[in-house]
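Those sequence lines, one after another, are chains A and B. If you're matching positions, the first sequence starts at 5 in the working numbering and goes up one per residue. If you're matching positions, the second sequence starts at 23 in the working numbering and goes up one per residue. Heads up, the beta-carbon is just placed ideally off N, CA and C, and yes, glycines get one too. Some notes on the structure that comes next.
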Amino acid sequence: MTDTTATAAPDRTVPLCEMRDIKVAFGGLHAVDGVTVDMYPGEVVALVGGNGAGKSTLIHTLSGAHPADSGEIRINGELAHISNPRDARQYGIEVIYQKLALADNIDAAGNVFLGRELRTRTGSLDDEAMDAATQGVMQRLNPRFKNLKTAVRSLSGGQRQSVAIARAVHFNAKILIMDEPTAALGPAETAQVRELITHLKSEGIGIFLISHDIHDVFDLADRISVMLQGKLVATVKKSEVTKDEVLAMIIMGKKPGEATEQEYNELHS
Amino acid sequence: MSETTSTVDGTSGVRSRKSWREFVSSSGIDTRLLGMVVSLAVIWIAFNTLSGGKFITSRNLWNLSVQSVSIGVMATGMVFIIVTRNIDLSVGSLLGFLGYTMALVQTDGTISVFGLNITFDSLKAHHWYTWIVALAVGLVLGAFVGLVQGSIIAYVGVPAFIVTLGGYLAWRGLIFRTGGKQGQTLAPLDETFRYLGGAPERSLGGWKTWVVVGLVCVGIVSSIVLARKRRTRHGLTVRSLSVDIGFAVGGCLAVILGVWLVAIKYLAPKSGDAVGIAYPVLILLGVTLGMSYLARRRRFGRYIFAYGGNPEAAELGGINTRRTITSTYVVMGMLCAVSAAIQTARLNSATTNLGVQNELDVIAAAVIGGTSFSGGIGTIPGAVLGAVVMQSLRSGMSLLNIDSPTQDIVVGIVLVTAVAVDALIRQRRRSSMIGALAVGVVIAAMVIQTGRP
Chain A
5 MTDTTATAAP DRTVPLCEMR DIKVAFGGLH AVDGVTVDMY PGEVVALVGG NGAGKSTLIH
65 TLSGAHPADS GEIRINGELA HISNPRDARQ YGIEVIYQKL ALADNIDAAG NVFLGRELRT
125 RTGSLDDEAM DAATQGVMQR LNPRFKNLKT AVRSLSGGQR QSVAIARAVH FNAKILIMDE
185 PTAALGPAET AQVRELITHL KSEGIGIFLI SHDIHDVFDL ADRISVMLQG KLVATVKKSE
245 VTKDEVLAMI IMGKKPGEAT EQEYNELHS
Chain B
23 MSETTSTVDG TSGVRSRKSW REFVSSSGID TRLLGMVVSL AVIWIAFNTL SGGKFITSRN
83 LWNLSVQSVS IGVMATGMVF IIVTRNIDLS VGSLLGFLGY TMALVQTDGT ISVFGLNITF
143 DSLKAHHWYT WIVALAVGLV LGAFVGLVQG SIIAYVGVPA FIVTLGGYLA WRGLIFRTGG
203 KQGQTLAPLD ETFRYLGGAP ERSLGGWKTW VVVGLVCVGI VSSIVLARKR RTRHGLTVRS
263 LSVDIGFAVG GCLAVILGVW LVAIKYLAPK SGDAVGIAYP VLILLGVTLG MSYLARRRRF
323 GRYIFAYGGN PEAAELGGIN TRRTITSTYV VMGMLCAVSA AIQTARLNSA TTNLGVQNEL
383 DVIAAAVIGG TSFSGGIGTI PGAVLGAVVM QSLRSGMSLL NIDSPTQDIV VGIVLVTAVA
443 VDALIRQRRR SSMIGALAVG VVIAAMVIQT GRP
């Protein structure tokens with residue numbers, strides 16, 4: 005495993021996005037308890053952890069879906085105030101949700117522009133302009149995509165994913181949050197999404213990748229932040245750890261070197 | 023080559039059906055709407071046969087058009103509400119309340135707002151503006167009631183069923199406490215206001231009708247031309263020119279022929295002049311166009327359907343979903359005022375039982391018109407057609423002298439059958455769909471047949 009990503013990484017002085025000491029509680033439950041993570045331009049940071057580790061809740065504070073109780077978010081070093089999805093978009097933060105968050109009964113263009121519709125001078129929806137723009141983005145992402153006018157309900161998983169990604173790409177996302185991007189996809193479509201992530205990286209977009217799939221994580225991520233029970237276990241460079249070490253962090257919360265040989269063996273039993 | 027092989031192995035039928043489907047999907051025709059038009063035609067022909075040619079006459083169809091208006095207007099608003107996964111049970115009571123309030127402006131010159139009464143003698147004297155003030159009072163009050171109900175639903179989070187059930191009780195009760203009249207019948211109404219009701223002697227007449235028809239045809243042609251231009255400008259594919267010309271010519275011919283047969287051939291009993299289109303039918307036309315425009319070409323409509331399809335996605339898309347839901351009730355309240363004006367003007371009076379059970383007819387019309395309670399699905403023209411279907415059933419059965427309890431049974435069967443057929447089509451269960459349709463039609467036919475005097 006060679007360390008190509010580290011040498012290719014751009015300017016490392018100012019993080020593109022920094023989340024410091026984020027806390028979120030639901031009633032008495034500390035879903036996220038003082039987590040700090042950061043991300044540099046062109047970098048993929050994987051957020052991993054078991055169910056209920058707090059990954060999604062952490063990312064909701066960045067996407068504006070559920071603001072943090074305390075802690076601060078900095079974009080390009082400057083303090084950002086994010087209290088709803090609209091705020092997040094102002095900072096160039098786009099989210100691709102696990103369930104894709106598409107309105108099934110509306111066509112591709114309607115979904116790409118949902119909440120940010122193009123309008124004519126009279127205030128009517130400019131469907132033609134939105135169709136044309138969607139066609140343009142799709143040309144880049146998925147040239148085989150043809151069903152612009154059908155409701156996304158009748159599209160395949162990969163095509164729906166393309167629509168969700170097109171939404172982020174069209175609006176020039178700087179920070180992309182991908183929640184289980186390949187969970188619902190077949191092998192060919194997964195490969196396509198991986199290709200796309202590599203492409204987005206090369207354009208200097210920073211990506212937070214939430215994934216259960218350790219192979220996805222090792223193929224795509226530059227750094228890995230592991231969470232357990234609302235707390236950050238550690239953030240490690242992919243090039244410096246093995247899959248077993250990451251698994252030990254996810255399951256037992258033990259950093260590389262802390263776990264014993266026997267415990268590593270138990271991971272595989 | 024493929025054609026010769028297809029005829030040889032006998033699959034030409036399949037081929038032509040497939041190409042028909044391709045044509046329909048490429049031309050953008052709504053197949054559901056097409057199905058409704060066909061079922062409406064079947065209903066008309068059936069009643070015409072049963073009644074010995076009394077159903078498809080100018081007079082009957084003209085009356086049918088006027089009688090469908092009130093429910094049709096409100097059904098368009100109910101589409102927005104059901105699409106956003108809510109319901110409004112209060113529309114019948116609200117209609118009664120607004121109708122009574124508007125009538126009070128005309129009979130007593132009193133503007134009555136929740137117990138606060140202000141009387142203007144000039145209004146009572148039936149000046150030219152009396153009908154405008156009456157209508158405006160109804161619209162503003164309707165919008166306000168909608169705002170209150172919608173806000174409680176969207177911002178407080180009380181289920182729509184409960185809020186509008188409360189409204190159902192409260193607005194009906196409030197009629198009896200409006201203007202200190204203890205609910206006594208208010209009549210007669212302003213002469214100009216009565217044009218909203220649609221009596222043969224208060225309709226457009228011959229030449230004005232043709233002007234309206236001309237405008238509608240210009241509208242059809244220009245909307246098709248403009249849509250083509252917009253798509254070409256953005257480099258999108260356009261329908262083949264012959265299809266567009268077909269739609270334009272076909273649409274205009276249908277309007278001209280329909281209006282001629284129904285409104286021009288219908289001669290006024292006394293004068294013998296052409297009656298022409300009724301004013302309320304014009305109102306329904308305007309409401310249908312306006313609501314369709316809101317639904318398809320405004321952000322408001324887009325947000326309604328997005329929320330209905332996936333509330334979470336709408337929320338995450340940064341849509342102000344609470345404001346959107348509240349607005350659907352404001353629109354509904356104003357449409358109730360429009361229908362209240364039409365109904366009171368038609369009766370030339372306002373009574374306390376105005377609009378009783380209308381909420382059920384309105385919901386039924388929207389649902390027969392393809393609006394789905396699971397949210398996100400429904401069309402404005404569908405709801406209007408649904409209202410026409412319901413009125414056709416009632417009017418046809420009345421022609422056959424079938425009593426109103428039997429009519430209710432039939433409408434109930436049709437309602438459930440329509441929704442079952444719709445659901446089975448969505449699940450692509452073709453044979454079950456045909457079975458359900460057959461069962462529904464047979465039972466309805468048996469009820470009609472045994473109910474005939």
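Which ranges does the alpha helix (DSSP H) cover as unbroken runs of at least 4 residues, wholly within the stretch 91-178 of chain B, from first to last along the chain?
Runs found: 113-129, 143-146 and 152-173.
Taking only beta carbons into account, state which residues of the stretch 145-163 of chain A come closer than 7 Å to chain B, listed in chain order.
none
Going by alpha carbons, who is nearest to A/T202 out of A/K27, A/L66, A/V49 and A/R24?
For the purposes of this step, residue 202 of chain A is taken as residue 198 along the first sequence, with counting starting at 1. Comparing Cα positions, the closest option is A/V49.
For the beta strand (DSSP E) containing A/E76, list its first residue and its last residue.
For the purposes of this step, residue 76 of chain A is taken as the residue at position 72 of the first sequence. From DSSP, the beta strand (DSSP E) with A/E76 extends over S74 to I79.
Going along chain A, which residues have a C-beta under 7 Å from B/R253?
As a first step, residue 253 of chain B must be located in the second sequence, where it is residue number 231. Neighbours of B/R253 on chain A, chain order: E132.
Short CB-CB distance (under 7 Å) between A/R125 and chain B
To locate residue 125 of chain A, count along the first sequence from 1; it is residue 121. For A/R125, the answer is no, since every Cβ of chain B falls outside 7 Å of its Cβ.
Residues that A/E121 contacts on chain B, provided the C-beta gap is smaller than 8 Å
Numbered from its first residue, the first sequence carries residue 121 of chain A at position 117. Under the 8 Å cutoff, chain B gives R321 and R324.
Is the Cβ-Cβ distance between B/L86 and B/Q413 less than 7 Å?
Position 64 of the second sequence, counted from the start, is the residue given in the question as residue 86 of chain B. Position 391 of the second sequence, counted from the start, is the residue given in the question as residue 413 of chain B. Yes, Cβ-Cβ distance for B/L86 and B/Q413 is below 7 Å.
Determine, using beta-carbon pairs with one atom in the stretch 393-408 of chain B and one in the stretch 311-319 of chain B, whether at least three such pairs fall under 8 Å.
yes
Contact set for B/T373: own chain, Cβ-Cβ below 6 Å, skip 5 residues either direction
Reading the second sequence from its first residue, position 351 is the one you call residue 373 of chain B. Within the same chain, B/T373 has close Cβ partners T207.
Reduced DSSP secondary structure (H/G/I, E/B, other) of B/R344:
Here residue 344 of chain B refers to the residue found at position 322 of the second sequence. Three-state result, B/R344: helix.
Can you tell which of A/I254, A/T239, A/A107 and A/V141 has its C-alpha closest to the C-alpha of A/I155?
On the first sequence, residue 155 of chain A is found 151 positions in, with the first residue counted as 1. Residue identity check: residue 155 of chain A is Ala in the sequence provided, not Ile. Nearest C-alpha to A/A155: A/A107.
Three-state secondary structure assigned by DSSP to A/D223:
In the first sequence, the residue the question calls residue 223 of chain A occupies position 219. It is helical.
Do we get a CB-CB distance below 7 Å when we pair A/R90 with the residues of chain B?
Indexing the first sequence from 1 puts residue 90 of chain A at position 86. It does: the Cβ of A/R90 has a partner Cβ on chain B nearer than 7 Å.
Under 7 Å, Cβ to Cβ, is there at least one residue of chain A near B/L338?
Taking the first residue of the second sequence as 1, we reach residue 338 of chain B at position 316. True, the Cβ-Cβ gap to chain A drops below 7 Å.
Would you identify the three-state DSSP class for B/S225, choosing helix, strand or coil?
In the second sequence, residue 225 of chain B corresponds to position 203, counting from 1. B/S225 falls in the strand class under three-state DSSP.
For A/A172, collect the residues of the same chain with a Cβ closer than 7 Å to its Cβ; drop the 5 residues on either side in sequence, then sort them by chain order.
Translated into positions along the first sequence, residue 172 of chain A becomes position 168. Contacts found: E98, I100 and L180.
Could you tell me whether the Cβ of B/A328 comes closer than 7 Å to any Cβ of chain A?
Position 306 of the second sequence, counted from the start, is the residue given in the question as residue 328 of chain B. Answer yes: the Cβ-Cβ gap between B/A328 and chain A drops below 7 Å somewhere.
Just curious, the alpha helix (DSSP H) that A/K205 is in, first and last residue?
Along the first sequence, read from residue 1 onward, the residue named residue 205 of chain A stands at position 201. For A/K205, the enclosing alpha helix (DSSP H) covers residues P191 to S206.
According to DSSP, what are the bridge partners of A/V52?
The residue given as residue 52 of chain A occupies position 48 in the first sequence. Partner(s): A/V230.
Listing by chain order, which chain A residues have their CB less than 7 Å from the CB of B/I341?
Walking along the second sequence from the start, residue 341 of chain B turns up at place 319. Under the 7 Å cutoff, chain A gives G119.
Buried versus exposed, by CB contacts within 10 Å (16 or more), B/N332:
Position 310 of the second sequence, counted from the first residue, corresponds to residue 332 of chain B. Buried.
Which whole-angstrom value is the C-beta distance of A/A92 and A/S67, which I expect to be below 8 Å?
Working through the first sequence from its first residue, we reach residue 92 of chain A at position 88. Working through the first sequence from its first residue, we reach residue 67 of chain A at position 63. With 8 Å as the limit, A/A92 and A/S67 qualify as a contact, their Cβ atoms being about 5 Å apart.
Answer yes or no: does any C-beta atom of chain B fall closer than 7 Å to that of A/D42?
The sequence position of residue 42 of chain A within the first sequence is 38, counting from 1. No - not a single Cβ of chain B is within 7 Å of the one on A/D42.
Taking three-plus beta-carbon pairs below 8 Å as touching, is the stretch 449-466 of chain B in contact with the stretch 100-110 of chain B?
no
Neighbourhood of B/A467 by C-beta distance below 6 Å, restricted to the same chain and skipping five residues each side:
Residue mapping note: residue 467 of chain B aligns to position 445 of the second sequence, counting from 1. Closer than 6 Å at the Cβ level, and outside the excluded window around B/A467, lies no residue.
How would you label B/P475, buried or exposed, when you count the other beta carbons within 10 angstroms and need 16 or more for buried?
Position 453 of the second sequence, counting from 1, holds the residue named residue 475 of chain B. With fewer than 16 other Cβ atoms within 10 Å, it is exposed.
Beta-carbon within less than 6 Å of B/G99's beta-carbon, same chain only, minus the 5 sequence neighbours each way: which residues are those?
By one-based count along the second sequence, residue 99 of chain B stands at place 77. Counting only residues of its own chain and dropping the five nearest sequence neighbours on each side, B/G99 has a CB closer than 6 Å to the CB of V353, M354 and L357.
Let me confirm a value: B/V303 is counted as buried when at least 16 other C-beta atoms fall within 10 Å, else exposed. Which label applies?
By 1-based counting over the second sequence, the position of residue 303 of chain B is 281. With 16 or more Cβ atoms within 10 Å of its Cβ, B/V303 is classed as buried.
Residues from the stretch 94-116 of chain A in contact with chain B, defined by Cβ distance under 9 Å:
V99, Y101, K103, L104, A105, L106, A107, D108, N109, I110, G114 and N115
Spatial distance of B/S394 from B/G400 (CA atoms):
Stepping through the second sequence from its first residue, residue 394 of chain B is reached at position 372. Stepping through the second sequence from its first residue, residue 400 of chain B is reached at position 378. Taking the straight line joining both Cα atoms gives about 6 Å.
Where do the N-terminal and C-terminal ends of the alpha helix (DSSP H) with A/D37 fall, by residue?
As a working note, residue 37 of chain A is residue 33 in the first sequence. First-last for A/D37: L33 to M43, but that is the beta strand (DSSP E), not the alpha helix (DSSP H).
Rounded C-alpha distance that separates B/G257 from A/L236:
The sequence position of residue 257 of chain B within the second sequence is 235, counting from 1. The sequence position of residue 236 of chain A within the first sequence is 232, counting from 1. Whole-angstrom Cα-Cα distance: 51 Å.
Continuous alpha helix (DSSP H) assignments of at least 4 residues falling wholly in the stretch 390-449 of chain B:
402-421 and 426-448
Report the CB separation of B/L126 from B/N370 in whole angstroms; it is logged as a contact under 8 Å.
Position 104 of the second sequence, counted from the first residue, corresponds to residue 126 of chain B. Position 348 of the second sequence, counted from the first residue, corresponds to residue 370 of chain B. Not a contact, Cβ separation roughly 14 Å.
Name, in chain order, the residues that DSSP records as bridge partners for A/E267.
Indexing the first sequence from 1 puts residue 267 of chain A at position 263. According to DSSP, A/E267 bridges with nothing at all.
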